[in-house]
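In the working numbering, the protein residues as written are 520 to 758. Note that the Cβ used here is the ideal one computed from N, Cα and C, for glycine as well. The structure presented is a predicted model; accordingly, all values stated were derived computationally and were not measured.
Take a look at the structure:
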């Protein structure tokens with residue numbers, strides 16, 4: 520295994536461990552009878568936050584990155600290696616990168632405007648500063664580094680958009696279904712908005728998310744070229 524490949528493998532496996540720790544920390548959170556309602560809501564809503572979907576997507580991304588690293592012992596045409604590479608690039612462009620940008624932008628915009636709209640101060644005793652940044656800041660840093668530092672193939676645009684539409688549609692359904700079933704909004708900002716404002720915020724979030732899908736696809740193509748491109752001398756570029 521070459522030095523650069525070994526470094527990538529170690530970096531990816533370390534990142535997988537990091538996300539496993541973050542997700543385990545969140546999963547182990549508990550609320551007691553005397554805790555404030557906002558903390559109980561946070562515990563109940565954990566798997567329904569778009570932030571958590573993003574963390575899960577990034578964990579999957581770096582698992583696939585690690586798998587692709589290990590499959591480098593095979594030839595580039597090996598079906599296992601090709602599948603690992605294809606899934607890695609699809610998850611990166613269609614889910615992980617767009618969610619990272621959307622979550623970071625939306626969270627910090629609302630937090631700056633009025634933190635009670637997105638993460639009430641009562642949650643500070645349960646969510647330390649490092650975890651807040653792990654969920655809402657470092658996700659963007661890690662995915663940008665991944666895009667810039669390691670070669671990727673832009674996945675088929677139609678498939679990428681189909682996946683992105685399924686994710687965004689699934690999340691809007693989750694948001695509305697929670698309100699329909701329990702009468703509670705996952706995010707406090709929806710409690711202070713009327714239905715026109717709620718619809719506008721949902722639409723803006725979807726537009727932002729889908730625009731980031733297109734931006735991520737374009738960024739990968741601009742940085743690494745098309746999947747069928749070749750280097751000088753007719754050799755396929757490295758992946």
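request  = Return the CA-CA distance between residue 572 and residue 631, expressed in angstroms with no decimal places.
outcome  = Counted from its first residue, the chain shown places residue 572 at position 53. Counted from its first residue, the chain shown places residue 631 at position 112. C-alpha separation (whole angstroms): 23 Å.
inquiry  = By alpha-carbon positions, which one of 647, 612, 695 ends up nearest to residue 677?
reply    = In the chain shown, the residue the question calls residue 677 occupies position 158. Among 647, 612, 695, the Cα nearest to that of residue 677 belongs to 612.
key: Contiguous alpha helix (DSSP H) assignments of at least 4 residues, all confined to the stretch 664 to 719   = 676 to 701, 708 to 711
ask   = Below 9 Å between beta carbons: does that hold for residue 715 and residue 635?
value = Against the chain shown, residue 715 aligns to sequence position 196. Against the chain shown, residue 635 aligns to sequence position 116. Contact flag unset, no.
ask   = Looking only at its own chain, which residues have a Cβ that is under 7 Å from the Cβ of residue 679, when we skip the five neighbours before and after it?
value = If you number the chain shown from 1, residue 679 lands on position 160. Hits under 7 Å: 609, 612, 613, 732, 736.
task = My understanding is that residue 569 touches residue 618, with C-beta atoms under 8 Å, so please give their C-beta distance in whole angstroms.
result = Sequence index remark: in the chain shown, residue 569 carries index 50 (1-based). Sequence index remark: in the chain shown, residue 618 carries index 99 (1-based). About 7 Å separates the two Cβ atoms, so the contact holds.
task = With a cut-off of 8 Å on the beta carbons, I'd call residue 712 and residue 683 a contact; round off their distance for me.
result = As a first step, residue 712 is located in the chain shown; it is residue number 193 there, counting from the start. As a first step, residue 683 is located in the chain shown; it is residue number 164 there, counting from the start. Going by Cβ atoms, the distance from residue 712 to residue 683 rounds to 25 Å, so no, they are not a contact pair.
ask   = In chain order, what residues of the same chain lie with their CB nearer than 7 Å to the CB of residue 565, ignoring the 5 residues before and after it?
value = Stepping through the chain shown from its first residue, residue 565 is reached at position 46. Answer for residue 565: 545, 571, listed in chain order.
message = Give me the residue from 666, 726, 685 with the minimum Cα distance to residue 607.
response = Residue mapping note: residue 607 aligns to position 88 of the chain shown, counting from 1. Answer by Cα proximity: 666.
query = Is residue 696 buried or exposed, if buried means 16 or more other CB atoms sit within 10 Å of its CB?
reply = Here residue 696 refers to the residue found at position 177 when the chain shown is read from its first residue. So residue 696 ends up on the exposed side.
Three-state secondary structure (DSSP) of residue 750 = Along the chain shown, read from residue 1 onward, the residue named residue 750 stands at position 231. The predicted model places residue 750 with a pLDDT of 41, which falls under 50 and marks its position as unreliable, so this point remains unresolved.
ask   = Rounded C-beta distance between residue 779 and residue 626? I'm assuming under 8 Å.
value = Within the shown structure, residues of the chain are numbered from 520 to 758, placing residue 779 beyond reach of any answer.
task = Indicate the three-state DSSP secondary structure (helix, strand or coil) for residue 639 in the structure shown.
result = Residue mapping note: residue 639 aligns to position 120 of the chain shown, counting from 1. Coil at residue 639, not helix or strand.
query = Counting along the chain, where does the alpha helix (DSSP H) carrying residue 611 start and finish?
reply = Mapped onto the chain shown, residue 611 falls at position 92. Run containing residue 611: none; DSSP gives neither H nor E here.
message = Only counting the same chain, and skipping five residues up and downstream in sequence, which positions put a Cβ closer than 6 Å to that of residue 593?
response = Against the chain shown, residue 593 aligns to sequence position 74. 600, listed in sequence order.
ask   = Hey, how far is the Cα of residue 691 from the Cα of residue 742?
value = Here residue 691 corresponds to residue number 172 of the chain shown, with the count starting at 1. Here residue 742 corresponds to residue number 223 of the chain shown, with the count starting at 1. Their backbone Cα atoms lie some 32 Å apart in a straight line.
ask   = What three-state label does DSSP hand residue 549 in the structure shown?
value = Mapped onto the chain shown, residue 549 falls at position 30. Three-state result, residue 549: coil.
request  = Please classify residue 595: is it buried, with 16 or more other beta-carbons within 10 angstroms of its beta-carbon, or exposed?
outcome  = The sequence position of residue 595 within the chain shown is 76, counting from 1. Flag for residue 595 reads exposed.
task = Identify whether residue 554 lies in helix, strand or coil by the three-state DSSP scheme.
result = Residue 554 sits at position 35 when you count from the first residue of the chain shown. Residue 554: coil per DSSP, three-state reduction.
ask   = Buried or exposed: residue 621, going by 16 or more other Cβ atoms within 10 Å of its Cβ?
value = For the purposes of this step, residue 621 is identified with residue 102 of the chain shown, where counting begins at 1. Buried, because 16 or more other Cβ atoms sit within 10 Å of the Cβ of residue 621.
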